[in-house]
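S.K.: What follows is a structure written as structure tokens; I'll ask about it next.
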DNA sequence: GTTAGCACTCTTTGTGTGCGAGTGCTAACT
DNA sequence: AGTTAGCACTCGCACACAAAGAGTGCTAAC
């Protein structure tokens with residue numbers, strides 16, 4: 023990475039911040055004015071030419087001002103930007119609002135996504151906690167009517183899943199007891215990854231005449247375990263795509279990408295850094311080549327459980343957004359961990 | 023409503039269907055050809071001029087073909103259109119896919135929305151069953167950990183709601199029993215509209231020293247009753263807005279409308295007909311002035327419980343969509359009713 | 001290394017022209 | 001009276017061209 027003189031850094035910072043704020047290319051005169059006319063616009067033009075050569079700036083066309091290139095944003099984020107600090111009131115507002123959902127992880131992450139979309143005017147994406155290594159803590163069967171019951175599965179990492187099961191036969195106390203015995207023997211304390219459909223099949227074989235009655239319940243348990251392992255992706259603020267004129271060209275492709283599901287899920291589960299900023303083509307998927315993604319992991323206890331973040335144009339207010347997302351992920355992690363520790 | 027000669031009806035039908043299919047204004051020659059050149063284009067032009075005068079057709083500009091006006095679509099839907107009949111395989115596919123969610127009404131309607139969005143390439147909106155007159159059938163408390171429990175409320179109209187509650191004190195058998203007693207005495211068999219926060223407050227007063235322990239649970243019950251009364255709106259296929267070029271102008275406003283929530287909810291709860299088609303300015307909200315909304319109610323037992331339908335451009339394949347939505351609403355109703363009757 | 005001055009480039013906006021599609025009207029026909 | 005052929009007309013679209021404005025790049029001087 024080539025070294026930049028202090029003045030060039032200043033110029034890059036001014037251009038980046040002005041462009042982020044206004045969306046207009048920045049000309050040499052404007053910079054000159056912002057620097058108090060300490061140096062002339064010609065000098066700045068020389069520096070800008072150098073910055074273009076080095077790849078940090080781009081010009082939409084010859085007679086326009088300059089805008090940051092992808093590399094320019096990257097340099098800004100890595101070296102020039104001073105992180106904004108969230109006000110105590112902002113922090114409190116977020117925390118209090120989320121606190122009420124701390125018992126329901128899935129809902130908590132959905133709401134966190136909504137908040138983030140609201141705060142950032144971007145598309146917010148969040149994943150519910152998932153953990154292929156989670157251990158089943160308990161399974162409850164709640165009879166709802168003659169033929170239906172709810173099954174609730176509680177696992178480590180604060181994960182909670184439930185489903186409603188229909189049975190062809192009446193669900194009575196006997197059946198509940200058989201179910202609890204099975205749970206006690208085969209499920210509780212086991213890793214969710216062990217409870218696959220084949221496993222259920224071998225288990226079922228040993229049940230004798232209860233097979234037909236129990237199998238819907240056991241299949242439901244297997245489905246719930248599957249749900250624990252799988253990431254559930256929440257999308258919020260899709261309408262914000264249209265807020266950003268620079269995305270409107272890609273809007274269609276982006277929307278398609280968001281709804282295709284799998285690539286988005288991959289992206290959320292594969293990023294390595296605790297907080298990952300991918301600008302433009304730094305993104306793995308080419309649908310995002312004009313977008314920036316900022317994602318943070320959140321941890322329950324000492325395990326990374328999921329991610330939350332945003333997708334927006336490359337022209338983003340990084341200085342505000344990065345700390346906001348970092349804070350939000352922190353709150354989510356601590357709320358979930360807290361709930362867990364209280365058990 | 024002025025009478026139309028048979029030929030004018032035919033011309034209107036041809037224009038409407040061609041325009042729906044192609045999106046291009048239809049000229050006199052094309053119609054002439056489609057009618058097997060039985061009459062000349064000049065005659066058709068005369069008729070078209072009349073239809074414009076009567077308000078059924080519009081012309082984007084003098085030298086373009088004609089397109090149906092709002093009134094034209096209305097006339098087409100009311101008098102000219104022949105409803106498409108869903109194939110048995112289509113019917114079966116929809117039914118089988120939805121059947122698996124019949125125990126969870128909220129999920130069922132969310133999935134039904136997804137299916138509808140997929141089938142129609144429009145924005146699909148659905149409401150979960152809600153009923154201010156619903157009667158509480160039972161309430162269950164499922165202890166999850168020392169400090170958390172899930173409360174499940176089952177009401178008439180097949181409504182099922184649940185929430186997780188945190189308590190500062192340990193949730194033991196005693197507390198569960200007190201809770202069940204309260205449910206038995208004050209909640210079960212009552213109308214959900216009776217269980218308001220003030221009601222809880224008066225109830226709490228009679229609890230003596232259990233007040234602080236019980237109040238989070240009772241508040242949760244009140245919240246769940248509130249949720250039973252309130253319509254929960256599911257939005258699906260928002261990306262489809264961008265599929266329709268004629269909406270792209272309004273896309274921003276439409277997205278805003280969809281996310282504002284309340285007006286959308288009003289629209290869904292207020293339409294009178296079992297199946298309601300509102301074309302353009304027939305819609306109550308001016309954000310929808312270039313859109314068509316098609317909504318159908320679905321009934322659980324003999325009560326209207328919710329709605330499902332679509333929002334799209336006025337240029338819609340009415341002949342396919344109306345029967346599809348009608349069928350879907352029927353399936354939802356019968357699935358929910360069935361589940362209910364089996365109890 | 002910095003600056004003033006100026007020609008140059010490129011976008012934006014407005015205007016004019018030709019082309020094509022489809023109409024509206026008139027006069028003739030059945 | 002209803003239908004038809006013929007033709008002038010209108011309008012949108014595509015394209016070209018010119019003028020204005022913004023900002024640059026370069027050169028020569030400081």
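Residue numbers (this note's numbering), protein chains in the order written: chain A, 23 to 365; chain B, 23 to 365. All residues carry an ideal CB built from backbone N, CA and C; glycine is no exception. Quantities reported herein were computed from a predicted structural model and do not represent experimental measurements.
Distance check for residue 312 of chain A and residue 303 of chain A, CA to CA, integer angstroms please.
M.R.: By 1-based counting over the first chain, the position of residue 303 of chain A is 281. By 1-based counting over the first chain, the position of residue 312 of chain A is 290. Each residue's Cα considered, the two are about 7 Å apart.
S.K.: Kindly list, in the order they appear in chain B, the residues whose Cβ is closer than 9 Å to that of residue 274 of chain A.
M.R.: The residue you call residue 274 of chain A lines up with position 252 of the first chain. By Cβ distance, chain B contributes 261, 264 and 265.
S.K.: So, does the CB of residue 366 of chain B fall closer than 9 Å to a CB anywhere in chain A?
M.R.: Since the first residue of chain B shown is 23 and the last is 365, residue 366 of chain B is not available in this structure.
S.K.: Please return the same chain residues whose Cβ sits closer than 7 Å to the Cβ of residue 97 of chain A, not counting the five positions on each side in sequence.
M.R.: Stepping through the first chain from its first residue, residue 97 of chain A is reached at position 75. Answer for residue 97 of chain A: 34 and 78, listed in chain order.
S.K.: For residue 88 of chain B, list the residues DSSP reports as bridge partners.
M.R.: As a working mapping, residue 88 of chain B is identified with position 66 in the second chain. Bridge partners of residue 88 of chain B: B/48.
S.K.: My output table needs one value for residue 83 of chain A: the three-state DSSP class, helix, strand or coil.
M.R.: Taking the first chain and counting its residues from 1, the one referred to as residue 83 of chain A is at position 61. Residue 83 of chain A falls in the coil class under three-state DSSP.
S.K.: With a 10 Å radius around its C-beta and 16 neighbouring C-beta atoms as the bar for buried, classify residue 46 of chain B as buried or exposed.
M.R.: For this step, residue 46 of chain B is matched to residue 24 along the second chain. Its Cβ having fewer than 16 others within 10 Å, residue 46 of chain B is exposed.
S.K.: Going by the beta-carbon positions, is the gap between residue 328 of chain A and residue 148 of chain A smaller than 9 Å?
M.R.: What you label residue 328 of chain A is simply residue 306 of the first chain in a count that begins at 1. What you label residue 148 of chain A is simply residue 126 of the first chain in a count that begins at 1. A contact, by the Cβ cut-off of 9 Å.
S.K.: Please list the residues of the region 280 to 303 of chain A that have a C-beta atom closer than 9 Å to any C-beta atom in chain B, keeping them in chain order.
M.R.: The residues in question are 280 and 281.
S.K.: Could you compute how far the alpha carbon of residue 201 of chain B sits from the alpha carbon of residue 171 of chain B?
M.R.: Walking along the second chain from the start, residue 201 of chain B turns up at place 179. Walking along the second chain from the start, residue 171 of chain B turns up at place 149. Their backbone Cα atoms lie some 12 Å apart in a straight line.
S.K.: Residues of chain B with CB under 7 Å from residue 162 of chain A, in chain order?
M.R.: On the first chain, position 140 is the one that residue 162 of chain A refers to. Ordered by position in chain B, the residues that pass the 7 Å Cβ test against residue 162 of chain A are 164.
S.K.: Is there contact here, the region 240 to 256 of chain B with the region 210 to 218 of chain B, by at least three beta-carbon pairs under 8 Å?
M.R.: Contact holds: three or more Cβ-Cβ distances are below 8 Å.
S.K.: If we count the other Cβ atoms within 10 Å of its Cβ and call it buried at 16 or more, is residue 331 of chain A buried or exposed?
M.R.: As a first step, residue 331 of chain A is located in the first chain; it is residue number 309 there, counting from the start. Its Cβ being crowded by 16 or more others within 10 Å, residue 331 of chain A is buried.
S.K.: Go through its chain and collect everything with a Cβ distance to residue 362 of chain B's Cβ below 7 Å, but skip five positions before and after it.
M.R.: As a first step, residue 362 of chain B must be located in the second chain, where it is residue number 340. Same-chain partners within the cutoff: 180, 322 and 323.
S.K.: Looking at the secondary structure, which residues open and close the beta strand (DSSP E) in which residue 235 of chain B lies?
M.R.: Along the second chain, one-based indexing puts residue 235 of chain B at 213. Counting along the chain, residue 235 of chain B falls outside any beta strand (DSSP E), though it belongs to the alpha helix (DSSP H) covering 233 to 251.
S.K.: Please state the DSSP three-state secondary structure of residue 123 of chain B.
M.R.: For the purposes of this step, residue 123 of chain B is taken as residue 101 along the second chain, with counting starting at 1. It is coil, neither helix nor strand.
S.K.: Going by DSSP in three states, residue 208 of chain B sits in which element: helix, strand or coil?
M.R.: Here residue 208 of chain B refers to the residue found at position 186 of the second chain. Note: residue 208 of chain B maps to helix in three-state DSSP.
S.K.: What does DSSP give as the partner residues of residue 114 of chain B in its beta bridges?
M.R.: Here residue 114 of chain B refers to the residue found at position 92 of the second chain. None, per the DSSP bridge assignment.
S.K.: So, does the region 123 to 139 of chain A touch the region 148 to 158 of chain A, judging by three or more C-beta pairs under 8 Å?
M.R.: The region 123 to 139 of chain A vs the region 148 to 158 of chain A: in contact.
S.K.: If you draw a straight line from the C-alpha of residue 344 of chain B to the C-alpha of residue 84 of chain A, how long is it?
M.R.: Residue numbering aside, residue 344 of chain B sits at position 322 when the second chain is read from its first letter. Residue numbering aside, residue 84 of chain A sits at position 62 when the first chain is read from its first letter. Rounded to whole angstroms, residue 344 of chain B to residue 84 of chain A spans 54 Å at the Cα level.
S.K.: In the structure shown, what three-state DSSP assignment does residue 346 of chain B receive?
M.R.: Residue 346 of chain B sits at position 324 when you count from the first residue of the second chain. Residue state, collapsed to three classes: helix.
S.K.: Buried or exposed: which applies to residue 90 of chain B, given that a residue is buried once 16 or more other Cβ atoms fall within 10 Å of its Cβ?
M.R.: Here residue 90 of chain B is taken as the residue at index 68 of the second chain, counted from 1. Under this definition residue 90 of chain B is a buried residue.
S.K.: Residue 55 of chain A: buried (16+ other C-beta within 10 angstroms of its C-beta) or exposed?
M.R.: Walking along the first chain from the start, residue 55 of chain A turns up at place 33. It is exposed - the Cβ of residue 55 of chain A has fewer than 16 other Cβ atoms within 10 Å.
S.K.: So that I know if they touch, is there some Cβ in chain A lying closer than 9 Å to that of residue 184 of chain B?
M.R.: Residue numbering aside, residue 184 of chain B sits at position 162 when the second chain is read from its first letter. By this cut-off, residue 184 of chain B is an interface position.
S.K.: Could you tell me which of A/240, A/232 and A/158 sits nearest to residue 221 of chain A, measuring between CA atoms?
M.R.: Your numbering for residue 221 of chain A matches position 199 in the first chain. When each option's Cα is compared against that of residue 221 of chain A, the closest is A/240.
S.K.: For residue 317 of chain B, count neighbouring Cβ atoms within 10 angstroms of its own Cβ and tell me buried if that reaches 16, exposed if not.
M.R.: Translated into the one-based positions of the second chain, residue 317 of chain B becomes position 295. It counts as buried.
S.K.: Who are the Cβ neighbours of residue 187 of chain A in its own chain at under 8 Å, not counting the five residues just before and after it?
M.R.: Stepping through the first chain from its first residue, residue 187 of chain A is reached at position 165. So the list reads 170, 171, 172, 173, 238, 239 and 242, once near-sequence residues are dropped.
S.K.: Going by DSSP, what residue range makes up the alpha helix (DSSP H) through residue 146 of chain A?
M.R.: Indexing the first chain from 1 puts residue 146 of chain A at position 124. Premise fails: residue 146 of chain A lies in the beta strand (DSSP E), 145 to 149, not in any alpha helix (DSSP H).
S.K.: Mind checking which residues open and close the alpha helix (DSSP H) that includes residue 289 of chain B?
M.R.: The sequence position of residue 289 of chain B within the second chain is 267, counting from 1. Segment 284 to 292, the alpha helix (DSSP H) holding residue 289 of chain B.
S.K.: For the putative contact between residue 182 of chain B and residue 357 of chain B, defined by C-beta atoms under 8 Å, what is the C-beta separation to the nearest angstrom?
M.R.: Counting from one through the second chain, the residue named residue 182 of chain B turns up at place 160. Counting from one through the second chain, the residue named residue 357 of chain B turns up at place 335. Going by Cβ atoms, the distance from residue 182 of chain B to residue 357 of chain B rounds to 14 Å, so no, they are not a contact pair.
S.K.: Identify the continuous alpha helix (DSSP H) that holds residue 220 of chain A and give its terminal residues.
M.R.: Taking the first chain and counting its residues from 1, the one referred to as residue 220 of chain A is at position 198. Where residue 220 of chain A is concerned, the enclosing alpha helix (DSSP H) stretches over 219 to 227.
S.K.: In or out: residue 39 of chain A buried (at least 16 other Cβ within 10 Å) or exposed?
M.R.: Here residue 39 of chain A corresponds to residue number 17 of the first chain, with the count starting at 1. The residue in question, residue 39 of chain A, is buried, as its Cβ has 16 or more Cβ neighbours within 10 Å.
S.K.: Say whether chain A places a C-beta atom closer than 9 Å to the C-beta of residue 135 of chain B.
M.R.: Residue 135 of chain B sits at position 113 when you count from the first residue of the second chain. So no, residue 135 of chain B is outside the interface.
S.K.: Between the Cα of residue 231 of chain B and those of B/259, B/258 and B/197, spot the shortest distance and give me the residue it belongs to.
M.R.: By 1-based counting over the second chain, the position of residue 231 of chain B is 209. That would be B/197, whose Cα lies nearest to the Cα of residue 231 of chain B.
S.K.: For chain B, find out if any of its Cβ atoms is closer than 9 Å to the Cβ of residue 212 of chain A; answer yes or no.
M.R.: The sequence position of residue 212 of chain A within the first chain is 190, counting from 1. Chain B, which has no Cβ nearer than 9 Å to the Cβ of residue 212 of chain A, makes this no.
S.K.: Which of the three DSSP states, helix, strand or coil, is assigned to residue 277 of chain A?
M.R.: Within the first chain, residue 277 of chain A is the residue found at index 255, counting from 1. The answer is helix: DSSP assigns residue 277 of chain A an H, G or I state.
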